[in-house]
Amino acid sequence: MVVAQSKVTVVKRRMAMAKIIAGIGTSHIPTVGAVIDNDLMHGEYWDPFIKGIAPAREWMAKTKPDVCLIVYNDHASAFSLKNISTFGIGVAESYEPADEGYGPRQVPICKGNPALSWHIAESLILDEFDMTITNEMPVDHGLTVPLSIMYNQPEEWPCQVIPLYVNVVQYPQPTGNRCYNLGKAIRKAVESFPEDITVAIFGTGGLSHQLQGERAGLINEAYDADWLEKLVNNPMAIKDISHTEYLRETGSEGIEAIMWLVMRGAMDEDVKEVYRFTHTPVSNTNYGLVIMENKENNQKEKK
Ligand code: DHB
Ligand code: FE
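Just so we're aligned, residue 41 is where the sequence shown starts under the working numbering, counting upward by one.
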């Protein structure tokens with residue numbers, strides 16, 4: 041039997057795909073938000089900080105990611121100890137700033153991207169990361185302060201925001217390795233979303249700080265500097281650091297740094313470091329900021 045073969049023309053077309061173009065690590069110190077909101081960011085204390093974050097703001101204004109996927113922790117603002125999720129993702133149309141005791145910050149509401157959020161949630165769950173899915177959630181300083189650091193005080197945030205939260209406040213937290221692997225799964229999820237959009241992924245919190253108890257005020261600059269260097273150039277060397285080491289070396293809240301490992305896992309192993317800045321103290325914390333780009337994206341022109 042002869043089967044008639046219809047002529048099929050295959051047009052080779054580049055598939056539209058979302059891309060993770062950059063990873064940003066930054067502390068999320070609430071005082072920074074309060075000082076920006078109340079126009080108090082000037083004078084001797086803040087001058088080095090303002091100078092230090094200026095190149096990051098310039099880079100952000102030039103790079104213009106369409107979406108900021110912000111890995112952060114809720115500090116008992118949207119959630120409480122009644123219910124603790126290890127990992128969760130927001131899938132809402134928008135996220136209001138949380139009231140953390142002094143009224144909500146006067147910053148823009150974050151506009152979400154529900155289609156991308158749901159795509160990431162599905163991909164992560166099929167990859168065996170059992171995310172909590174959150175339809176409604178106010179976002180606290182853990183998320184809004186990094187936006188203020190990178191964008192200052194715009195009328196509207198110039199990007200869509202996807203919040204991805206990690207429990208770092210109640211033991212047992214996830215391991216650094218689990219966070220790193222979650223980052224890899226996030227990259228796979230984002231880069232299978234069929235729309236030409238650019239995504240910057242943030243890891244927030246850290247570096248060393250302890251807010252309570254006998255060691256309140258602890259800062260360990262030498263440890264943080266070594267950790268940050270390895271985060272950029274040899275993440276394998278730090279992904280398995282134990283919780284007790286973070287506690288001992290970086291204080292009780294220093295463990296927030298595992299969220300930077302989620303960001304790092306979503307990047308190439310070999311990255312281009314664009315910027316690094318540390319300054320101590322900012323409030324109780326050794327402030328850290330790092331920006332890295334995936335090398336393959338460096339030539340990509342922005343419309
Ligand atoms: C500070 C830092 C934090 O990460 C936080 O969540 C709260 C306070 C501080 O340095 O004051
Ligand atoms: Fe914090």
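Backbone N, C-alpha and C fix where the C-beta goes; we use that ideal spot for every residue, glycine too. None of these values were measured; they are calculated from a predicted model.
Just grab the DSSP bridge partners of F242 for me.
I64 and I110
Mind reading off the beta-carbon distance from T172 to F127? Whole number of angstroms is fine, and I expect it under 8 Å.
7 Å
Does DSSP put E195 in a helix, in a strand, or in coil?
coil
Beta carbon nearer than 7 Å to a non-hydrogen atom of ligand 1:
S67, H68, I69, P70, T71, H115, H181, G182, G245, H249, L251, E293, E296, V322, S323, N324 and T325
Taking only three categories from DSSP, how would you classify H115?
coil
In terms of alpha-carbon separation, which member of L121, I160 and N192 lies closest to P95?
N192
Short Cβ contact (8 Å threshold) for V311 with V107:
no
Where does P154 sit, in a helix, a strand or coil, going by DSSP?
helix
Please specify which runs of the alpha helix (DSSP H), each continuous and at least 4 residues long, are wholly inside the region 200-240, giving them in chain order.
216-230
Considering Cα atoms alone, identify which of G291, R227 and N221 is closest to G253.
G291
Taking 8 Å as the threshold (C-beta atoms), are V111 and M206 in contact?
Going by the sequence as given, residue 206 is Val instead of Met. Against a cut-off of 8 Å, the Cβ pair of V111 and V206 comes out as a contact.
Shortest alpha-carbon distance to Q200 belongs to which of P154, W86 and S125?
P154
From what residue to what residue does the beta strand (DSSP E) around V314 run?
V311 to V322
If you draw a straight line from the C-alpha of A116 to the C-alpha of G83, how long is it?
32 Å
Please classify S248 as buried or exposed, where buried requires at least 16 other C-beta atoms within 10 Å of its C-beta.
buried
Please report the distance separating the alpha-carbon of K151 from that of V48.
43 Å
Inter-residue spacing [alpha-carbon to alpha-carbon] between T320 and G328:
9 Å
M55: buried (16+ other C-beta within 10 angstroms of its C-beta) or exposed?
exposed
Measure the Cβ-Cβ separation of G223 and A306 and say whether it is below 8 Å.
yes
I need the DSSP call for D280, collapsed to helix, strand or coil.
coil
For K228, which residues of its own chain have a beta-carbon under 8 Å away from its beta-carbon, when the five flanking residues on both sides are left out?
S163 and D167
Y135 vs M177 beta-carbon contact at 8 Å:
yes
Near G92, which residues of its chain fall below 6 Å by C-beta distance, leaving aside the five closest residues on each side in sequence?
F317 and H319
Tell me which residues share the same chain as P148 and place their Cβ nearer than 8 Å to its Cβ, disregarding the 5 neighbours each side in the sequence.
P194, E195, E196 and W197
C-beta contact flag for F242 and M303 at 8 Å
yes
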